[in-house]
Amino acid sequence: MAHQEIMARLVDLIGITSIMEVLIRLIGADEHMYTNFTESMQWIEDTNVLEMIVDKFSSSDSPEVHANAAETLCSITRSAPPALAAKISSPNFIGRLFRHALENSRPKSVLVNSLSICISLLDPKRLTLGTYYMFNRQLTHGSTVTVNPETVEGMLGRLGDLLKLLDVSSEESSLLTTYGKLQPPLGKHRLKIVEFISVLLTVGSEAAEKELIRHGAVRRILDLFFEYPYNNFLHHHVENIILSCLECKNAPLIEHLLHECNLVGKILEAEKNFTLKDSNKPTVPAEGRLPPRIGNIGHLTRISNKLIQLGNNNSEIHAYLQENSEWNDWQINVLSKRNTLENIYQWACGRPTALHDRGRDSDDDDYQNRDYDVAALANNLSQAFRYGIYSNDDVDEAQGSLERDDE
Numbered sequence: 004m005a006h007q008e009i010m011a012r013l014v015d016l017i018g019i020t021s022i023m024e025v026l027i028r029l030i031g032a033d034e035h036m037y038t039n040f041t042e043s044m045q046w047i048e049d050t051n052v053l054e055m056i057v058d059k060f061s062s063s064d065s066p067e068v069h070a071n072a073a074e075t076l077c078s079i080t081r082s083a084p085p086a087l088a089a090k091i092s093s094p095n096f097i098g099r100l101f102r103h104a105l106e107n108s109r110p111k112s113v114l115v116n117s118l119s120i121c122i123s124l125l126d127p128k129r130l131t132l133g134t135y136y137m138f139n140r141q142l143t144h145g146s147t148v149t150v151n152p153e154t155v156e157g158m159l160g161r162l163g164d165l166l167k168l169l170d171v172s173s174e175e176s177s178l179l180t181t182y183g184k185l186q187p188p189l190g191k192h193r194l195k196i197v198e199f200i201s202v203l204l205t206v207g208s209e210a211a212e213k214e215l216i217r218h219g220a221v222r223r224i225l226d227l228f229f230e231y232p233y234n235n236f237l238h239h240h241v242e243n244i245i246l247s248c249l250e251c252k253n254a255p256l257i258e259h260l261l262h263e264c265n266l267v268g269k270i271l272e273a274e275k276n277f278t279l280k281d282s283n284k285p286t287v288p289a290e291g292r293l294p295p296r297i298g299n300i301g302h303l304t305r306i307s308n309k310l311i312q313l314g315n316n317n318s319e320i321h322a323y324l325q326e327n328s329e330w331n332d333w334q335i336n337v338l339s340k341r342n343t344l345e346n347i348y349q350w351a352c353g354r355p356t357a358l359h360d361r362g363r364d365s366d367d368d369d370y371q372n373r374d375y376d377v378a379a380l381a382n383n384l385s386q387a388f389r390y391g392i393y394s395n396d397d398v399d400e401a402q403g404s405l406e407r408d409d410e
């Protein structure tokens, strides 16, 4: 009983980061502190500390409390004792988490941080949050974890409700930008949903792939890619989703992407109309100025090159591309020339020796293969503004960015 009261008091103060760190160590989620004392942690497993932490999503409106509660639970998914790890990945616990996340009256920070926990359950090595774990990267380098099918099934139960939030047609909020306005802005919560789908596809669950096809998730996310042509965080996740679909062993998912989602047709349409002209979409160009060029051409180029590369080994993709004469013309007359132009090893500038001996310097290859965690980057920028890292001249701008966190 005394142990339960101690844990309750600590959880009540979880919004204080130092208390959160103490709680993480006490639970045994810091593998470098308690790996040799698992027997002494039995009393932790006998408490309902997980329920107390997740219930902070419903009992508090503070974004700091939500973020720290999520960070604590994410640490448990990585390094906690087996009993707690099994409990947090159970369908019952995931159902409880989604009930809080999808409650209409709750702040958007509840949904964002709840999905961070789900992402960590699916991929424990992934850096989902940017405060505590940015300084504890060693926690993410554990052994490979196989996702329990029951964990995935627990998340699929509310997938339809989650995907409804990607509909932007009913929102009336707007945000002025340098190129026009967003009506409405995409928002952190929708970006987090797209990231969640991106990670869900990497698990290789056939049940998840079927549900995503049934709900039209990939089609809707692909639409968002073109509706928000300047949101590079979104483009990063959508590109990963497309590549996961193309590289999967599930033929129906590839067929769904090519035919029902019309990936190639959307790429060609964007290439023909490469400026921001359509005022009926969420991204509206500024009046009285020439419409700017859309900002996702680079991602479209990489996706197109990947399509061609995979088509060399996949007869279905190859046949689909060969049947499209418009694609073949664009590939020869536009894409090939663009690839030649953007090939830095053909530029007559920089370090001449690198043009002839690429083996001497692996930095370029490392750069190409590096997958930057744009979600963590976005979170870190927000934290930097929040804690006053920037100069006084930026205070007003920083305050405005924080006020728009839920937009």
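Everything in the sequence shown is counted per this note's numbering, starting at 4 for the first residue and increasing by one. Virtual Cβ for every residue (Gly too), placed ideally from N, Cα, C.
| query | Where are the alpha helix (DSSP H) runs, 4 residues long or more, that stay fully inside the stretch 159 to 183, in chain order? | reply | With a minimum length of 4 residues, the continuous alpha helix (DSSP H) runs that stay inside the stretch 159 to 183 are 162 to 167.
| Where do the ends of the alpha helix (DSSP H) carrying T75 lie? | T75 -> alpha helix (DSSP H) spans 66 to 82.
| query | What's the C-alpha gap between I22 and E8? | reply | For I22 and E8, the distance between alpha carbons rounds to 15 Å.
| Ends of the alpha helix (DSSP H) at V221? | From DSSP, the alpha helix (DSSP H) with V221 extends over 220 to 230.
| field | Which of helix, strand or coil DSSP assigns to V115 | value | If DSSP states are grouped into helix, strand and coil, V115 belongs with the helices.
| said: Tell me which residues share the same chain as C248 and place their Cβ nearer than 8 Å to its Cβ, disregarding the 5 neighbours each side in the sequence. | reply: Only residues of its own chain outside the window of five on either side were considered, and among them L204, V221, L256, I257, H259, L260 have a CB closer than 8 Å to the CB of C248, listed in chain order.
| query | For R296, which of helix, strand or coil comes out of DSSP? | reply | Assigned with DSSP and collapsed to three states, R296 falls in strand.
| task | Could you check if P285 is buried or exposed, using at least 16 other CB atoms within 10 Å of its CB as the buried criterion? | result | P285 comes out buried.
| Does the stretch 235 to 249 come close enough to the stretch 194 to 209 that 3 or more CB-CB pairs lie under 8 Å? | A contact is defined here as three or more CB-CB pairs under 8 Å, and the stretch 194 to 209 meets this definition with respect to the stretch 235 to 249.
| task | For T154, name the three-state secondary structure that DSSP assigns. | result | Helix at T154.
| Residues near A86 in its chain [Cβ-Cβ closer than 8 Å; skip 5 each side] | Answer for A86: E48, listed in chain order.
| request: Classify V206 as helix, strand or coil using the three-state DSSP reduction. | output: If DSSP states are grouped into helix, strand and coil, V206 belongs with coil.
| task | List the residues that DSSP assigns as beta-bridge partners of P288. | result | G183.
| task | Going by DSSP, name the residue or residues bridged to T278. | result | DSSP, once it has assigned bridges, lists R296 as partnering T278.
| query | Which residues in the same chain have their Cβ closer than 8 Å to the Cβ of T180, if we skip the five residues on either side of it in sequence? | reply | Excluding positions up to five away in sequence, the list reads Y233.
| message | By alpha-carbon positions, which one of L185, R102, G160 ends up nearest to V171? | response | The shortest C-alpha separation from V171 is found at L185.
| Reduced DSSP category for L242 - H, G, I as helix; E, B as strand; rest coil | Just to set this straight, residue 242 is Glu in the shown sequence, not Leu. The answer is helix: DSSP assigns E242 an H, G or I state.
| Which residues bound the alpha helix (DSSP H) around H103? | Its alpha helix (DSSP H) spans residues 94 to 104.
| query | So S63 is in the alpha helix (DSSP H); what residue range does that whole segment cover? | reply | Where S63 is concerned, there is no enclosing alpha helix (DSSP H), given that its DSSP letter is neither H nor E.
| field | Assigned secondary structure, S108 (DSSP; H/G/I helix, E/B strand, else coil) | value | Coil, per DSSP.
| said: Please report the straight-line C-alpha distance between T278 and Q349, rounded to a whole angstrom. | reply: Near 29 Å, if we compare the C-alpha coordinates of Q349 and T278.
| How about M10: is its C-beta nearer than 7 Å to some C-beta of chain B? | Absent here is chain B; the protein component of the structure consists of one chain.
| request: Taking the CB atoms as reference points, tell me whether I27 and A72 lie closer together than 7 Å. | output: Taking 7 Å as the Cβ cut-off, I27 and A72 do not qualify as a contacting pair.
| Between which two residues does the alpha helix (DSSP H) harbouring V25 extend? | That run of the alpha helix (DSSP H) goes 20 to 30.
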